[in-house]
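*Asks:* Sharing a structure below in structure tokens format, with a few things to ask.
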Amino acid sequence: MKTLPYILISLRFILAPVILSLSYFIGEKSRFLILILMYFGLLTDIFDGIIARKTGVSSEKLRRLDSQTDMVFWLSLGFAAYFLNPDLIKDEWIGVVIILGMEALCYIVSWVKFGKETCTHAFLSKMWGLSLLVAFTYLIGFQQAGWSFYLSVILGFIAHIDVIMIILILPKWQYDVPSSYHAWKIRKGKKRRKSVLFN
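Under the numbering used here, the final residue of the sequence shown carries the number 299; numbering is consecutive throughout.
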């Protein structure tokens with residue numbers, strides 16, 4: 101059981117090139133299969149953390165691996181959405197640039213301050229992840245952007261602002277910081293409390 105979280109993370113990482121290959125080489129006929137893989141990937145993301153905490157193997161190494169795998173997984177879905185709906189994605193290029201720019205900014209700020217990538221697993225970032233799930237369901241499954249895409253862009257912008265604030269507030273690099281409010285409490289010397297809601 102202690103190796104299961106790593107197996108689940110590895111499965112999610114493997115899904116990325118599979119999703120890319122399906123969307124690029126098979127195209128239209130792969131839409132439904134890609135959606136299945138996306139939801140399966142989400143389940144692996146949920147259960148790797150739960151199992152890691154239950155088995156006592158949750159660590160900095162595991163959380164960093166989980167965070168970077170998440171980024172690769174969602175990027176693969178973004179490229180898949182482009183391969184399947186190039187004109188639709190081009191029409192929404194402003195929103196795409198905003199999200200990619202904010203993601204890059206988070207990494208830049210974290211590397212400049214701590215020499216490490218960000219790994220907050222913040223609450224707003226989790227909410228953004230759920231909005232991405234809905235947005236990609238519409239983009240890939242129904243070839244629509246609309247409200248789900250715009251909601252994802254708005255939540256993504258807010259979530260990234262929160263992550264940047266967490267980085268700037270923290271006195272030293274930490275993982276699993278639920279919000280900028282919690283980062284402020286850590287800065288004030290209050291002990292971080294673990295919560296299954298945020299990890």
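Each residue gets a CB set at the ideal place from its N, CA and C atoms; glycine is no exception.
Since this is a predicted model, take the numbers as computed values, not measurements.
Based on Cα-Cα distance, which residue from I240, S225 and I264 lies nearest to L133?
*Replies:* I240
*Asks:* Rank Y124, G289, H260 and M138 by C-alpha distance to the C-alpha of L115 and give the top, closest one.
*Replies:* M138
*Asks:* What does the alpha-carbon distance come out to for the pair I107 and Q168?
*Replies:* 15 Å
*Asks:* Indicate whether G195 and V253 have their beta-carbon atoms separated by less than 8 Å.
*Replies:* yes
*Asks:* Given this structure, state the Cα-to-Cα distance separating W228 from L251, to the nearest angstrom.
*Replies:* Their backbone Cα atoms lie some 9 Å apart in a straight line.
*Asks:* Nearest-angstrom Cα distance between I267 and V172?
*Replies:* 21 Å
*Asks:* Identify whether H282 lies in helix, strand or coil by the three-state DSSP scheme.
*Replies:* helix
*Asks:* Under 7 Å Cβ to Cβ from L135, same chain only, skipping five residues before and after it: list those, please.
*Replies:* T237, I240 and G241
*Asks:* Looking at the unbroken alpha helix (DSSP H) that takes in I194, where does it start and where does it end?
*Replies:* W193 to F214
*Asks:* Q287 and I269 look like a contact to me (Cβ under 8 Å); what is the Cβ gap, rounded to whole Å?
*Replies:* As written in the sequence, residue 287 is Arg, which differs from the Gln given in the question. The Cβ separation is near 5 Å, so the contact holds.
*Asks:* Where does T237 sit, in a helix, a strand or coil, going by DSSP?
*Replies:* Shown here, T237 sits in a helix according to DSSP, grouped into three states.
*Asks:* At 3 residues or longer, what runs of the beta strand (DSSP E) sit wholly inside the stretch 114-148?
*Replies:* none
*Asks:* Using the C-alpha atoms, what's the distance from T144 back to A181?
*Replies:* 21 Å
*Asks:* One question on the structure: do S279 and F223 come within less than 8 Å of each other, judged by their Cβ atoms?
*Replies:* Result yes, Cβ atoms of S279 and F223 sit closer than 8 Å.
*Asks:* Quick one: Cα of S110 to Cα of T155, how far?
*Replies:* 18 Å
*Asks:* Cβ of A259 within 8 Å of Cβ of E192?
*Replies:* no
*Asks:* With the cut-off set at 8 Å, would you say C206 and V263 are in Cβ contact?
*Replies:* yes
*Asks:* Would you tell me roughly how many angstroms separate the C-alpha atoms of I189 and P271, rounded to the nearest one?
*Replies:* 39 Å
*Asks:* Do L175 and R131 have their C-beta atoms within less than 8 Å of each other?
*Replies:* no
*Asks:* May I ask which residues mark the beginning and end of the alpha helix (DSSP H) holding G256?
*Replies:* G246 to I269
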